[in-house]
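**Student:** Once you've had a glance at the structure underneath, I'll fire off some questions.
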Amino acid sequence: MFCPFCEIEVSEFHQNSHVVPDWLYKLSFKENKNLKSYGLDIQEEEIALKQSSLKGPFICRDCETVFGDPEGYARLVFGDETNHSSIPNVANADVRKVNTQFGLHEGYEMIGLDFKKLKKFVLGVILKGHMAKTGLTKDLLGDKHFIRMREIYLEDHEGDDLIYPIFVFKFNENQPFWNMVSQPVRTKSKEGLNLISFKGGGYEFNVNVQSHPLTREEAEFRFRKEGRLLMLKAVQNLVAIREFLEKAKKLKADRWGS
Ligand SMILES: [Zn+2]
Numbered sequence: 082m083f084c085p086f087c088e089i090e091v092s093e094f095h096q097n098s099h100v101v102p103d104w105l106y107k108l109s110f111k112e113n114k115n116l117k118s119y120g121l122d123i124q125e126e127e128i129a130l131k132q133s134s135l136k137g138p139f140i141c142r143d144c145e146t147v148f149g150d151p152e153g154y155a156r157l158v159f160g161d162e163t164n165h166s167s168i169p170n171v172a173n174a175d176v177r178k179v180n181t182q183f184g185l186h187e188g189y190e191m192i193g194l195d196f197k198k199l200k201k202f203v204l205g206v207i208l209k210g211h212m213a214k215t216g217l218t219k220d221l222l223g224d225k226h227f228i229r230m231r232e233i234y235l236e237d238h239e240g241d242d243l244i245y246p247i248f249v250f251k252f253n254e255n256q257p258f259w260n261m262v263s264q265p266v267r268t269k270s271k272e273g274l275n276l277i278s279f280k281g282g283g284y285e286f287n288v289n290v291q292s293h294p295l296t297r298e299e300a301e302f303r304f305r306k307e308g309r310l311l312m313l314k315a316v317q318n319l320v321a322i323r324e325f326l327e328k329a330k331k332l333k334a335d336r337w338g339s
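Numbered according to our numbering, the sequence shown spans residues 82 to 339.
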């Protein structure tokens with residue numbers, strides 16, 4: 082079989098590749114075993130309560146290993162604090178007021194992050210989301226973005242923070258849908274930007290797939306190549322989530338009858 086990522090003929094695929102990693106699901110449940118995440122998969126037109134991620138064979142074993150390294154790094158950054166003191170953890174993020182086009186917002190700033198690894202984590206989840214769905218339903222990225230994003234994932238140099246810029250939002254734990262996990266989906270920002278977005282662990286990771294340049298405000302909050310990540314507390318995005326859920330419910334109702 083032909084691995085869509087390394088484009089090598091292999092004898093078998095890794096049997097249990099995930100899209101959104103399990104640690105993001107675990108972060109969403111915390112210690113509460115009864116709490117389940119909203120696993121939203123709009124492409125499968127499905128909304129379900131789940132405690133583990135979408136898994137299946139869609140890439141080779143070597144590629145699974147390649148994706149695993151940046152996922153491990155992201156876990157140390159966004160997951161519970163560990164004793165890896167050299168890697169910044171969200172628990173130690175600098176909380177401050179940030180001036181945005183919508184007024185003052187609370188933000189969490191981290192510096193000293195490994196830009197390449199964290200970028201690979203976010204792009205990797207999206208690339209895997211695309212490959213997991215290729216041929217099953219309509220493609221997440223389309224050929225053009227898949228080829229370009231894979232190229233960027235594989236390049237050796239540090240990379241550019243204006244090509245597929247990344248935005249991360251952090252949810253407040255007492256907000257509804259805090260514990261929602263969603264597989265990568267196409268969506269639009271409030272300002273109409275085309276985004277691919279996934280959620281988990283109280284975070285929303287967004288990649289801008291628009292070709293036009295970012296506005297000054299958008300540029301300010303992108304993940305910077307010098308390793309600075311400024312996460313805004315997601316407030317207005319809740320509206321988008323509600324719309325998302327409504328859409329998913331409607332899709333399901335249209336298809337199956339409610
Ligand atoms: Zn491969």
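We put the beta carbon where it would ideally sit given N, CA and C, even for glycine.
(1) Please determine, among 159, 83, 95 and 154, the residue with the shortest C-alpha to C-alpha distance to residue 107.
(2) Whole angstroms are fine: how far does the CA of residue 207 sit from the CA of residue 265?
(3) Would you say residue 253 lies against chain D (beta-carbon separation less than 7 Å)?
(4) Comparing C-alpha positions only, which one of 140, 96, 181 and 273 sits nearest to residue 89?
(5) Do you know offhand how far residue 180's Cα is from residue 241's?
(6) CB-CB under 6 Å to residue 246, same chain, minus the five flanking residues each way: which ones, in chain order?
(7) Go through its chain and collect everything with a Cβ distance to residue 244's Cβ below 7 Å, but skip five positions before and after it.
(8) Is residue 228 near ligand 1 - that is, is its Cβ less than 6 Å away from at least one heavy atom of it?
(9) Regarding residue 401 and ligand 1, is the C-beta to nearest heavy atom distance less than 6 Å?
(10) Should residue 140 be counted as a contact of ligand 1 given a C-beta to heavy atom distance under 6 Å?
(11) Report the rounded CA-to-CA distance for residue 281 versus residue 105, giving the unit in angstroms.
(12) Suppose you measure from the CA of residue 147 to the CA of residue 237; what does that come to, to the nearest Å?
(13) Is it buried or exposed, residue 296, if we count other Cβ atoms within 10 angstroms and call 16 or more buried?
(14) Identify, in the order they occur along the chain, each residue of the same chain with its Cβ nearer than 6 Å to the Cβ of residue 307, setting aside the five sequence neighbours on each side.
(15) How would you call residue 99, buried or exposed, if buried means at least 16 neighbouring beta carbons within 10 angstroms?
(16) Spatial neighbours of residue 239 within its chain, please: C-beta separation below 7 Å, excluding the five flanking residues on both sides.
(17) Do you know whose CA, among 205, 250 and 253, lies nearest residue 231's CA?
(18) Tell me the rounded alpha-carbon separation between residue 91 and residue 279.
(19) According to DSSP, which residues form a beta bridge with residue 99?
(20) With the cut-off set at 7 Å, would you say residue 312 and residue 251 are in Cβ contact?
(21) Can you tell me which of the three DSSP states residue 340 falls into?
(22) Going by alpha carbons, who is nearest to residue 169 out of 176, 96 and 193?
(23) Comparing alpha-carbon positions, which option in 284, 136 and 163 lies nearest residue 254?
**Tutor:** In short, the structure shows the following:
(1) Within the sequence shown, numbered from 1, the residue matching residue 107 stands at position 26. Nearest of 159, 83, 95 and 154 to residue 107, Cα basis: 159.
(2) Taking the sequence shown and counting its residues from 1, one reaches residue 265 at position 184. Taking the sequence shown and counting its residues from 1, one reaches residue 207 at position 126. Their Cα atoms are separated by approximately 6 Å.
(3) In summary, chain D is missing from the structure at hand, where a single protein chain is found.
(4) As a working note, residue 89 is residue 8 in the sequence shown. Nearest C-alpha to residue 89: 140.
(5) Here the question's residue 180 lines up with position 99 in the sequence shown. Here the question's residue 241 lines up with position 160 in the sequence shown. Distance between the alpha carbons of residue 180 and residue 241: 25 Å.
(6) Counting from one through the sequence shown, the residue named residue 246 turns up at place 165. Result list for residue 246: 289 and 303, in chain order.
(7) Taking the first residue of the sequence shown as 1, we reach residue 244 at position 163. Excluding positions up to five away in sequence, the list reads 233.
(8) Residue 228 sits at position 147 when you count from the first residue of the sequence shown. For ligand 1, not one heavy atom lies less than 6 Å from the Cβ of residue 228.
(9) Residue 401 lies beyond the stretch modelled for the chain, which goes from 82 to 339, so this question has no answer here.
(10) The residue given as residue 140 occupies position 59 in the sequence shown. Indeed, a heavy atom of ligand 1 lies less than 6 Å from the Cβ.
(11) By 1-based counting over the sequence shown, the position of residue 281 is 200. By 1-based counting over the sequence shown, the position of residue 105 is 24. Straight-line Cα distance between these residues: approximately 5 Å.
(12) Counting from 1 along the sequence shown, the entry for residue 147 is found at position 66. Counting from 1 along the sequence shown, the entry for residue 237 is found at position 156. Answer to the nearest angstrom: the Cα atoms are 13 Å apart.
(13) Along the sequence shown, read from residue 1 onward, the residue named residue 296 stands at position 215. With fewer than 16 Cβ atoms within 10 Å of its Cβ, residue 296 is classed as exposed.
(14) Within the sequence shown, numbered from 1, the residue matching residue 307 stands at position 226. Cβ neighbours of residue 307 beyond the five flanking positions: none.
(15) By one-based count along the sequence shown, residue 99 stands at place 18. Buried is the call here.
(16) Along the sequence shown, read from residue 1 onward, the residue named residue 239 stands at position 158. Excluding sequence neighbours, residue 239 sits near 196, 197 and 306.
(17) Here residue 231 is taken as the residue at index 150 of the sequence shown, counted from 1. Nearest option by C-alpha distance: 205.
(18) By one-based count along the sequence shown, residue 91 stands at place 10. By one-based count along the sequence shown, residue 279 stands at place 198. Distance between the alpha carbons of residue 91 and residue 279 is about 29 Å.
(19) The sequence position of residue 99 within the sequence shown is 18, counting from 1. 136, per the DSSP bridge assignment.
(20) What you label residue 312 is simply residue 231 of the sequence shown in a count that begins at 1. What you label residue 251 is simply residue 170 of the sequence shown in a count that begins at 1. Result yes, Cβ atoms of residue 312 and residue 251 sit closer than 7 Å.
(21) The shown model of the chain, from 82 to 339, leaves out residue 340, and the question about it has no answer.
(22) If you number the sequence shown from 1, residue 169 lands on position 88. Residue 193 is the option with its Cα nearest to residue 169.
(23) Stepping through the sequence shown from its first residue, residue 254 is reached at position 173. Closest option to residue 254, Cα to Cα, is 284.
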